[in-house]
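*Asks:*
In the working numbering, the protein residues as written are 736 to 966.
Take a look at the structure:
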C-alpha cells in the first residue's frame with residue numbers, strides 16, 4: 736500500500752456503548768476522537784426495539800472521515816436510533832484498502848439473532864482459517880480478517896452465543912481487539928498478549944469500550960480500567 740507522507744495513519748479505532756438512549760451520538764463523538772486511528776472509512780451499528788420486543792440492528796457506513804460519513808447529523812437520530820451501538824474507523828492493514836465491502840462494522844443475522852462486530856488488528860492464522868471455512872462451504876463477501884471471526888461464530892455447533900464467541904476467539908491468533916454487539920449484550924475482547932489497546936469507561940448508566948481513552952474524554956465519561964490481556 737502506498738500512502739502520502741503527510742497522510743495521518745495509525746490503526747483501526749473501535750468504540751462501543753451499551754445503555755444510552757443517545758448511543759449513536761456517543762458513538763459518533765467517540766469515533767471522532769479516534770479519527771487518528773483510521774481515516775479511510777467509518778461506520779456505526781445500533782440496536783433498537785421497535786415496539787415488537789425484538790431487537791433490530793441499524794447500520795450506516797461509508798468511505799471518508801467520521802464527519803464526512805455522518806455529515807447529515809439527522810442520520811444519528813432518524814436512522815441510527817437505539818440504546819446500544821458499536822463503531823469503527825478503518826485503517827486497512829489487511830484486505831483491499833479501497834474495497835467498500837471491507838468497511839466495518841460487519842453485521843449478520845443468524846440462528847442466534849443479530850450480531851455486529853468491529854475489529855482492530857491482524858490475525859496471523861486468518862489464511863488457514865479462511866481456507867478451512869471455505870472447504871466447509873462458507874462463502875466470503877470480503878477480504879477482511881474480521882469476516883473470518885464472523886463465520887467462526889455463525890458456523891459454531893454450540894448452542895450458547897457466548898460460548899460460540901469464546902470458541903471463535905480461542906481459534907484466532909494474532910494481535911487484536913474486538914467489540915461485538917448482540918441482541919442483548921455488548922462484548923469486548925483483547926488478544927492474550929494484549930498487543931492492541933482497549934479500555935472500559937462509564938457515562939452515567941452506560942458502559943463504554945474504546946481503543947483509547949480520548950473517546951471517553953470527549954464526552955466526559957469516566958475511565959474505569961483497561962480490558963486485560965486475554966479477557
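Each residue gets a CB set at the ideal place from its N, CA and C atoms; glycine is no exception.
#1: Does residue 808 pass the burial test, meaning 16 or more other C-beta atoms within 10 Å, or should it be called exposed?
#2: Residues in its own chain within less than 6 Å of residue 776 by CB, not counting five upstream and five downstream?
#3: Does the beta-carbon of residue 779, which I'm using as the reference point, lie nearer than 7 Å to any heavy atom of the ligand FMN?
#4: Three Cβ pairs or more, each shorter than 8 Å: is that satisfied between the segment 806-821 and the segment 913-921?
#5: Check for me: the beta strand (DSSP E) holding residue 912 runs from which residue to which?
#6: Rounded to whole angstroms, how far is the Cβ of residue 923 from the Cβ of residue 933, which I believe are closer than 8 Å?
#7: My output table needs one value for residue 962: the three-state DSSP class, helix, strand or coil.
#8: Beta-carbon of residue 910 versus every beta-carbon of chain E: anything under 8 Å?
#9: Grab the span of the beta strand (DSSP E) containing residue 855 for me, first residue to last.
#10: Quick check on the DSSP output: the beta strand (DSSP E) that includes residue 943 runs from which residue to which?
#11: List the whole-angstrom C-beta distance separating residue 752 from residue 946, where the pair is believed to meet the contact cut-off of C-beta under 8 Å.
#12: For residue 816 versus residue 857, is the C-beta spacing smaller than 8 Å?
#13: Where residue 852 and residue 920 are concerned, what is the direct C-alpha to C-alpha distance, given to the nearest angstrom?
#14: Can you tell me which of 879, 909 and 958 puts its alpha carbon nearest to the alpha carbon of residue 935?
#15: When you compare the CB positions of residue 891 and residue 903, do they come within less than 8 Å of one another, or not?
#16: Can you check which of these residues, 881, 779, 769 and 772, is closest to residue 757 by C-alpha distance?
#17: Quick one: grab the DSSP three-state call for residue 781.
#18: Nearest by alpha-carbon distance to residue 942: which of 930, 861 and 961 is it?
#19: Where does residue 830 fall in DSSP's three states?
#20: Between which two residues does the beta strand (DSSP E) containing residue 921 stretch?
#21: Leaving out five residues before and five after residue 835 in sequence, what residues of the same chain have Cβ atoms less than 7 Å from its Cβ?
#22: How many angstroms separate the CA atom of residue 966 from the CA atom of residue 861?
*Replies:* According to the structure data:
#1: Residue 808 is exposed by the Cβ-count criterion.
#2: The residues are 798, 825 and 838.
#3: In terms of ligand content, the structure shown is empty, and the ligand FMN therefore cannot be addressed.
#4: With the cut-off at 8 Å, the segment 806-821 and the segment 913-921 touch.
#5: Segment 909-917, the beta strand (DSSP E) holding residue 912.
#6: Their Cβ separation, rounded to whole angstroms, is 6 Å, which keeps residue 923 and residue 933 in contact under 8 Å.
#7: DSSP, reduced to helix, strand and coil, places residue 962 outside both helices and strands of the structure shown, so it counts as coil.
#8: The displayed structure is made up of one protein chain only, and chain E is not part of it.
#9: Taken as a continuous stretch (DSSP letters only), the beta strand (DSSP E) holding residue 855 covers 848-858.
#10: Taken as a continuous stretch (DSSP letters only), the beta strand (DSSP E) holding residue 943 covers 941-945.
#11: Between the beta-carbon of residue 752 and that of residue 946 there is about 13 Å, and that puts the pair past the 8 Å contact cut.
#12: Cβ distance not < 8 Å, so residue 816 and residue 857 don't count as in contact.
#13: C-alpha of residue 852 to C-alpha of residue 920: approximately 12 Å in a straight line.
#14: Residue 935 has its Cα closest to that of 958, out of 879, 909 and 958.
#15: Between residue 891 and residue 903, the gap from beta carbon to beta carbon is short of 8 Å.
#16: In this structure, 779 is the residue among 881, 779, 769 and 772 with its C-alpha nearest to the C-alpha of residue 757.
#17: Look at residue 781 here: in three-state DSSP terms it is strand.
#18: Among 930, 861 and 961, the Cα nearest to that of residue 942 belongs to 961.
#19: Model confidence at residue 830 stands at a pLDDT of 48, short of 50, so the residue's coordinates are unreliable; what they give is reported in the following sentence. Of the three classes helix, strand and coil, the one that applies to residue 830 here is coil, per DSSP.
#20: Under the DSSP assignment, residue 921 falls in the beta strand (DSSP E) whose first and last residues are 921-925.
#21: Cβ within range, chain order: 798.
#22: Those two C-alpha atoms are separated by around 21 Å.
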